[in-house]
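Residue -19 is where the sequence shown starts when you use this note's numbering, and the numbers rise one by one after that. Reviewing the structure listed below.
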Amino acid sequence: MKQSKDQIISQLKALELIIEVDTEKVKQDAEQFLLLSEKIHFKDGIAYSKLIISTAHWHLMQYHAGFKIAKELLHLHQELENDDLLPTILHTLALHSWGQAKLFSAQQFWIRALEQASLLGDNEIEIESLIGLGNIWRMTNRLSEANSTHSIAAQRANYYRISHLEAKAYILQAWDNYLLHDFQAMLPILLKAEQLLTHNTNLTWKAEIYDFRGLAFLGLNDLNSALQCCSFAHQIALQHNLIWMKAHSAISLARISSAQSHFDNAYDLLTDAEVIAQQFDNGELRSQICLEQSRIAELTKDYEHALYSYKRYRQYEIMLLQEQSNCLGRDKTSSSKEQLDLRAQKLINRIEIQLEFNSISSLTYLLPLDKWTQNIQSILSNSLNSDYHLITIMDPSEDKINNLLLLGHHYCKHGDSITRLSNTEIVLLINENEQRTKDISHSLSALFTSYPWYRYSLNASVPTIRNFSLHDISTHPILSHMHIETPYG
-19 MKQSKDQIIS QLKALELIIE VDTEKVKQDA EQFLLLSEKI HFKDGIAYSK
31 LIISTAHWHL MQYHAGFKIA KELLHLHQEL ENDDLLPTIL HTLALHSWGQ
81 AKLFSAQQFW IRALEQASLL GDNEIEIESL IGLGNIWRMT NRLSEANSTH
131 SIAAQRANYY RISHLEAKAY ILQAWDNYLL HDFQAMLPIL LKAEQLLTHN
181 TNLTWKAEIY DFRGLAFLGL NDLNSALQCC SFAHQIALQH NLIWMKAHSA
231 ISLARISSAQ SHFDNAYDLL TDAEVIAQQF DNGELRSQIC LEQSRIAELT
281 KDYEHALYSY KRYRQYEIML LQEQSNCLGR DKTSSSKEQL DLRAQKLINR
331 IEIQLEFNSI SSLTYLLPLD KWTQNIQSIL SNSLNSDYHL ITIMDPSEDK
381 INNLLLLGHH YCKHGDSITR LSNTEIVLLI NENEQRTKDI SHSLSALFTS
431 YPWYRYSLNA SVPTIRNFSL HDISTHPILS HMHIETPYG
């Protein structure tokens, strides 16, 4: 039975990795695992399956259905042995609330997610929650707070070395600066995002970077550069059917055409964008489209159409404001909007202070031995574990162990971990292939050879370094006695 349960979790983790590639298929497979988990009364399997199903609904823009499942999951988690999934559940509820334009509910869930993520050390959800709260500030027209919060999210992601979330935060910060009309500030922010995503395959982010860069150039009156960037973004969106980006880049191209006095082309682009936006937009994008249509009609002295488009813009704006007001009225908590804002601001300020004074633990990836062992066991139960390797560092001098931990920790990034095996040995779990693990070992060896141990009154002996595959764990004298089971016995 235990093996069957481990296989369910392993296969669900594999599904989670491809959820953006084939969302509908992942949802169907997760629903089958849900039925199987319910049949054998496996609560962790039920919870994990529902989480993946709810996330799939988010990617399919089925926010109401996804919210309902996430809400069930929030009640179910109380029956689980630990709170490990709680930050992700709260984040998922926030996403579905956001998708339904229920901004204050989303804010409340992201505040709770941030609190739980900070408490449980869930670095990714901590950053995602900061990003979400920054988006709430933007949507409620508190642009300075949005800009500041996205900047803090990027710094936090940099600290944890989670490059894709750092880039995500920078892209959103660039948009905050666009709305603040600080076009010059957008360019270096977008360059940092682009550099971070060099090896990333997310085409939506790539298109957004070029689209926002084009808008920055438009704001700086560099129309040729603006057209080049936005045209490239639109080309990516069309080639890969990126629905949101097809609409957004069309609006950007319309603004450029308008600046070039090509008003007919601008109006056609806006009409295309509005048709696309009807598939997903809650009014935010269509309000921009109508406002731009009104402006173009006014420039061409078509005042009747200008008034008509402006009225439609106001209808969308009023609808969004009413939804926000209704959502606040439906809130089942006693918290007022002001109290939610204050609570969010306090959390964000605390994290900013931690970044400024570096008061959080500098050893983010250091785990207690028992937790580290559990992590190893979890990875071994997953079929996707071939890119994990171990590096051990041993030195006979017990006084050097803390220095070795500090130096070894600098080589860790998101997905890695480090622990103390004994008073004379540490071990790193590295999420890399064999060759890169060897390269890291060689780098550590060179570092330890040249390190000025004498400055700290420590023995100048050079530590012994060994690297090996996760499946060769039984060859290590200490690890072999820790009852870590490999698929190979």
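We put the CB at the ideal spot given by N, CA and C, even for glycine.
Per the DSSP secondary-structure output, I410 pairs in a beta bridge with H369.
Going by C-alpha positions, H389 is about 52 Å away from I298. When secondary structure is reduced to three states using DSSP, L200 falls in the coil class, being assigned neither helix nor strand. In this structure, the CA atom of Q240 is about 8 Å from the CA atom of L203.
Check the Cα spacing between R136 and each of A165, S98 and Q164: the tightest is with S98. Secondary structure within the stretch 199 to 268: the alpha helix (DSSP H) runs of 4 or more consecutive residues, fully enclosed, are 203 to 219, 223 to 239 and 243 to 257 (chain order). Approximately 7 Å separates the beta-carbon atoms of G112 and A86; this is inside 8 Å, confirming the contact. Between the alpha carbons of E174 and N157 lies a gap of roughly 17 Å. In this structure, A277 sits away from R266, with a CB-CB distance that is not shorter than 8 Å. Within 10 angstroms of the beta-carbon of S238 lie 16 or more other beta-carbons, which makes it buried. Membership of F13 in any beta strand (DSSP E) is not indicated; the residue belongs instead to the alpha helix (DSSP H) covering T3 to K19.
Counting the other CB atoms within 10 Å of its CB gives R118 a total of 16 or more, which places it among the buried residues. Judged by DSSP in its simplified three-state form, F22 adopts coil rather than helix or strand.
A Cβ-Cβ distance of about 7 Å is found for the pair L73 and K51, placing them in contact under the 8 Å criterion.
In this chain, S402 is not harboured by any alpha helix (DSSP H); it is covered by the beta strand (DSSP E) spanning S397 to S402.
Under the three-pair Cβ rule at 8 Å, the stretch 29 to 36 counts as touching the stretch -4 to 15.
Pairing L100 with P67, the inter-Cα distance amounts to about 8 Å.
The stretch 70 to 120 is shown to contain whole alpha helix (DSSP H) runs of 4 or more residues at 83 to 100 and 103 to 119, in chain order.
Ranked by how close their Cα comes to the Cα of Y247, the residues E272, R294 and H228 have E272 in first place.
By the C-beta criterion, the stretch 138 to 148 is judged not to be in contact with the stretch 120 to 127, since fewer than 3 inter-stretch pairs fall below 8 Å. Within the same chain, and ignoring the five residues on either side of L401 in sequence, the residues whose Cβ sits closer than 8 Å to its Cβ are L349, T372, V407, I458 and L459. Assignment of S274 by DSSP, reduced to helix, strand and coil, places it in the helix class. In the structure shown, the three-state DSSP call for E405 is strand. Within the same chain, and ignoring the five residues on either side of S274 in sequence, the residues whose Cβ sits closer than 7 Å to its Cβ are A286, S289, Y290 and Y293.
Assignment of I420 by DSSP, reduced to helix, strand and coil, places it in the helix class. DSSP places T280 outside both helix and strand once states are collapsed to three, so it counts as coil. A check of alpha carbon separations from I142 across D419, C392 and A165 identifies C392 as the nearest.
Taking a 10 Å sphere around the C-beta of D419, we find fewer than 16 other C-beta atoms and assign the residue as exposed.
In the structure shown, the three-state DSSP call for M166 is helix. Each residue's CA atom was taken as its position, placing S361 and T353 some 13 Å apart. For the pair L427 and V442, the Cα-to-Cα distance works out to about 10 Å. The C-beta separation of D452 from E412 comes to about 15 Å, leaving the pair out of contact by the 8 Å criterion.
Ranked by Cα distance from M166, the first of H130, L301 and Q42 is H130.
Residue state for T68 is assigned as helix, using DSSP reduced to three classes. Using a Cβ distance threshold of 8 Å, I107 and A93 do not count as a contacting pair.
For the pair A227 and Q325, the Cα-to-Cα distance works out to about 33 Å.
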